[in-house]
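One structure is given here, and the rest of the page talks about it.
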Amino acid sequence: MFSAESQVMFYRGIQFSMEILEEIANTIASLERNDGRVLVAICGAADLGKTFLSIHLAFKLKQKGIEANHLTLDSYLMKRTDRINRGISGYQPDAHDLPLVKNDLKRFKKGQSIEYYPYVHSIGEKAASKDVIPPCPILIVDGLHSMNEQLTPYLDFSIFICTSDDQLKQIRHQADITKRHQTIEFSKAHADSEFEKYKQFVEPYKQQANVILFLEEKWNYILYKGAKS
């Protein structure tokens with residue numbers, strides 16, 4: 002068990018202790034790479050630091066001399082206005098193009114590059130310009146459904162980030178206002194249904210994780226071994 006005390010990676014209110022980053026990076030670096038490539042999934046509720054952790058883990062691995070890149074499944078997310086019109090939550094698997102994700106993970110495992118359009122949360126749709134992830138030995142994939150059954154055959158290690166129900170609701174509401182530019186009224190009107198869909202579609206992935214990061218308080222994480230460890 003680790004807690005954030007002295008040195009921390011900090012950005013936009015999110016922090017992870019250096020001890021936690023080092024522990025996870027060392028574990029990933031030690032994984033056997035039978036095909037020469039390791040795929041790591043970081044899963045959990047929205048707005049708990051999945052992308053932030055992914056970016057800094059990739060940086061940590063590069064410091065150890067291991068080339069690593071990061072891909073967020075938000076890049077495969079349906080346009081926000083289309084989701085709203087269809088009554089689909091981002092917590093539902095149908096909101097993501099999982100067959101395309103699966104195809105791109107296959108490309109990674111074969112040593113091929115991945116091309117994608119980044120998702121821009123402030124406007125709720127993909128950017129106009131394409132990004133490319135070159136072939137690399139380690140790819141960290143973060144997203145609500147990075148541990149979906151369609152993708153698990155390609156995963157070598159998984160991390161699930163979670164927190165208490167009350168804290169999750171508070172963080173989600175704040176992110177709706179500051180990150181998604183929603184009105185307070187819109188966020189409150191959809192809060193209960195979004196929470197229920199998280200419980201139904203995302204939280205069950207926790208049982209498949211190698212490592213669990215629990216957000217004890219903002220932003221102090223505790224690391225536990227998951228059911229798969």
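Residues 2 to 230 in our numbering are what the sequence shown spells out, letter by letter. Even for Gly, the Cβ is constructed at its ideal location relative to N, Cα and C.
Residue pairing from DSSP places Ile213 in a beta bridge opposite Phe161, Tyr225. CA-to-CA, the gap between Ile223 and Glu217 works out to about 7 Å. DSSP places Ile29 in the uninterrupted alpha helix (DSSP H) bounded by 19 to 30. Selection Gly37, Pro135, Glu197 evaluated against His71 yields Pro135 as nearest (Cα-Cα).
According to the DSSP assignment, Leu140 belongs to the beta strand (DSSP E) that extends over 139 to 143. Contact check for Gly227 against Phe161 passes: the beta carbons are separated by less than 8 Å. In the DSSP annotation of this structure, Asp132 is not part of any alpha helix (DSSP H); the continuous beta strand (DSSP E) holding it starts and ends at 132 to 134. Linking Ile85 to Leu58 through their CA atoms gives a straight-line distance of about 33 Å. Short of 6 Å from the beta carbon of Tyr120, and not among the five residues preceding or following it, lie these beta carbons of its own chain, in chain order: Asp75, Ser76, Leu78, Lys127.
Shown here, Val121 sits in a strand according to DSSP, grouped into three states. With fewer than 16 other Cβ atoms inside 10 Å of its own Cβ, Arg87 counts as exposed. Within the same chain, no residue comes within 6 Å of Asn27 by CB-CB distance, once the 5 residues on both sides are set aside. Considering only Lys65, Tyr118, Ile141, Tyr92, the residue with the shortest C-alpha distance to Leu101 is Tyr118.
For the 8 Å CB-CB criterion, Ala46 and Tyr206 do not form a contact. Annotation: Met148 to Lys63 spans about 24 Å, alpha carbon to alpha carbon. Residue range 69 to 73 is occupied by the beta strand (DSSP E) that includes Asn70, with no alpha helix (DSSP H) assigned at that position.
Taking a C-beta distance under 8 Å as the contact criterion, Ser114 and Ser194 do not qualify as a contact pair. Here Lys107 carries a helix assignment [DSSP, helix/strand/coil].
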